[in-house]
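Student: The numbers in this note's numbering rise by one with no breaks, and the one at position 212 of the sequence shown is 324.
First the structure, which I've put down as structure tokens, then a few questions once you've had a look.
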Amino acid sequence: MKEELQGWQHKLNQSPCRKCPSLAEHRAHYAEVKELQGRIRTSEHDAQRSQGEYRRRMHALRGVLEELGFVEGAVPNEKGQLASRIYGENSLIVTQAIADGWLEELTPAELAASLVMVTAEDRNRDRPRERRRFPTSSIALAQKRLRIIYYRFSAREKERGEENLRPLSSDYVNFTYDWCNGRPLTEMQAPIDVELGDAVKALKGLYSALRQIEWAVSDRPTLRKLVLKARECLERDVLTRV
Numbered sequence: 113m114k115e116e117l118q119g120w121q122h123k124l125n126q127s128p129c130r131k132c133p134s135l136a137e138h139r140a141h142y143a144e145v146k147e148l149q150g151r152i153r154t155s156e157h158d159a160q161r162s163q164g165e166y167r168r169r170m171h172a173l174r175g176v177l178e179e180l181g182f183v184e185g186a187v188p189n190e191k192g193q194l195a196s197r198i199y200g201e202n203s204l205i206v207t208q209a210i211a212d213g214w215l216e217e218l219t220p221a222e223l224a225a226s227l228v229m230v231t232a233e234d235r236n237r238d239r240p241r242e243r244r245r246f247p248t249s250s251i252a253l254a255q256k257r258l259r260i261i262y263y264r265f266s267a268r269e270k271e272r273g274e275e276n277l278r279p280l281s282s283d284y285v286n287f288t289y290d291w292c293n294g295r296p297l298t299e300m301q302a303p304i305d306v307e308l309g310d311a312v313k314a315l316k317g318l319y320s321a322l323r324q325i326e327w328a329v330s331d332r333p334t335l336r337k338l339v340l341k342a343r344e345c346l347e348r349d350v351l352t353r354v
């Protein structure tokens, strides 16, 4: 072992690096290279793990869409193509309601008041729930139908570990219905525990969704005309057409 150590010491003494004036700088560079190589290996590992997670999510989401009838053989069908033209967390619910064909039974104000349940965000989910009285029986029926779609779809998502749907909100139904029927803003009150600004924001989100739906259902003239009227009844006061 002593002889081996002497041999290594001799090689070290004969090395050109021994007398290099930039030895300290080169050592620092070498340490930096080793650190960067370690970071590259870690990043490659993270990338592989992310790719695996993306593949898992893609497989799960495709399975959900196939089970719910939006995709056939990994290709979007007519309902799937309709859903692709409507943006938002709950676009699948809106698409299913359109496919079921009962939206045409509503008046423009009832359509707006029904769809705001899907497009608006409930900002008070933790408060005790109270039974709400809806402006019309048609809106009450629409709420039941939307809830059925939501629970059926969300159950499929939970089974595959992909929960993307947002719970329905009934906070702005009466506010939206009154707005669409021309009630002055000065006579309207925001929903309980909700700021007036949030209510107006919900109307703006609904307006944007109606514009998307109007474009998406261009091949359904009856529904498109109804959506157009619902959108137009929103266009007043702080909500003006842009």
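Beta carbons: idealized from backbone N, C-alpha and C, even for Gly.
Owing to the predicted nature of the structure, the values given are computational and were not obtained by experimental measurement.
Can you check the region 134-168 for any beta strand (DSSP E) of at least 3 residues that lies completely inside it and give the ranges in chain order?
Tutor: none
Student: Would you list the one or two residues that DSSP bridges to Val206?
Tutor: As a working note, residue 206 is residue 94 in the sequence shown. For Val206, which the question treats as bridged, DSSP gives no partner whatsoever.
Student: Of the residues His171, Ser155, Ser226, Gly185, which one's Cα is nearest the Cα of Asn286?
Tutor: Here the question's residue 286 lines up with position 174 in the sequence shown. Looking at the Cα atoms, Ser226 is the closest of the given residues.
Student: For Asp234, which residues in the same chain have their Cβ closer than 7 angstroms to its Cβ, ignoring the five residues on either side in sequence?
Tutor: Position 122 of the sequence shown, counted from the start, is the residue given in the question as residue 234. The answer, listed in chain order, is Pro279, Ser281, Asp283.
Student: Answer yes or no: do Phe182 and Thr207 have a C-beta to C-beta separation smaller than 9 angstroms?
Tutor: Start at 1 with the first residue of the sequence shown, and residue 182 comes out as number 70. Start at 1 with the first residue of the sequence shown, and residue 207 comes out as number 95. Yes.
Student: For Leu223, which of Arg348, Val306, Glu344 has the nearest alpha-carbon?
Tutor: On the sequence shown, residue 223 is found 111 positions in, with the first residue counted as 1. The shortest Cα separation from Leu223 among Arg348, Val306, Glu344 belongs to Glu344.
Student: Going by beta carbon distance, what residues of the same chain come within less than 7 angstroms of Phe246, once the five residues before and after it are set aside?
Tutor: Stepping through the sequence shown from its first residue, residue 246 is reached at position 134. Same-chain partners within the cutoff: Ala252, Gln255, Val285.
Student: Here's the rule I'm using: 16 or more other beta-carbon atoms within 10 Å means buried, otherwise exposed. How should Ala143 be labelled?
Tutor: Counted from its first residue, the sequence shown places residue 143 at position 31. Flag for Ala143 reads exposed.
Student: Helix or strand or just coil, what does DSSP make of Arg348?
Tutor: Your numbering for residue 348 matches position 236 in the sequence shown. If DSSP states are grouped into helix, strand and coil, Arg348 belongs with the strands.
Student: Name, in chain order, the residues that DSSP records as bridge partners for Pro220.
Tutor: By one-based count along the sequence shown, residue 220 stands at place 108. None; Pro220 has no bridge partner.
Student: Quick check: what's the CA-CA separation for Asn293 versus Ala221?
Tutor: Residue mapping note: residue 293 aligns to position 181 of the sequence shown, counting from 1. Residue mapping note: residue 221 aligns to position 109 of the sequence shown, counting from 1. So the alpha carbons of these two residues sit roughly 7 angstroms apart.
Student: Going along the chain, which residues of its own chain have a beta-carbon closer than 8 angstroms to the beta-carbon of Val354, five neighbours each way excluded?
Tutor: On the sequence shown, position 242 is the one that residue 354 refers to. Below a pLDDT of 50, predicted positions are generally treated as unreliable, and Val354, at 45, falls in that range; the measurement from the model is reported next regardless. Within the same chain, Val354 has no close Cβ partners at all.
Student: Along the alpha helix (DSSP H) that carries Ala321, what are the first and last residues, could you check?
Tutor: Your numbering for residue 321 matches position 209 in the sequence shown. Ala321 -> alpha helix (DSSP H) spans 308-328.
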